[in-house]
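To start, the structure itself, in structure tokens.
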Amino acid sequence: MSSPGEVAKYVGLISTQIRRHVNPQLCGTDKATKLTFMIALMPTGEVMGHPRLLKGSGLSACDEAVERAILESQPLPVPKSADLFAQFRDLKLEFSPNAEN
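Going by my numbering, the residue at position 89 of the sequence shown is 91; the numbering climbs one at a time, nothing skipped.
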């Protein structure tokens, strides 16, 4: 059984890795900007297909920059444990490009 803390740890690692690849100028400076992507992951941390934008930021340049950043960030850090990874196979990721790490 996996703990919510372990899931949150990996979601944080994934977000941090993606944020390093986002061009912040494309997303403005609003710290409340949030995007939601559905990402299908393999156990290696590779993204299957393309990330699917569920909720955009309202700025298409920002949405596209974050999608590119997700793809450039591969392999993403995923748990080695099969039980825990099961929660990352189809990851609904809320992402704030301007959040402080």
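From the three backbone atoms N, C-alpha and C, an ideal C-beta is built for every residue, glycine too.
Between the CA atoms of LYS82 and GLU96 - distance to the nearest angstrom: Computed Cα separation, rounded: 22 Å.
Buried or exposed (CB count within 10 angstroms, at least 16 for buried), PRO53: With 16 or more Cβ atoms within 10 Å of its Cβ, PRO53 is classed as buried.
Rounded C-alpha distance that separates MET44 from MET50: In a straight line, the C-alpha of MET44 is about 7 Å away from that of MET50.
Where the beta strand (DSSP E) through GLY51 begins and ends: Membership of GLY51 in the beta strand (DSSP E) is indicated by the continuous run 49–57.
Residue closest to ALA2, alpha-carbon to alpha-carbon, out of GLN89, ALA88, LEU15 and PRO99: No statement about residue 2 is possible, as the shown extent of the chain runs from 3 to 103 and does not include it.
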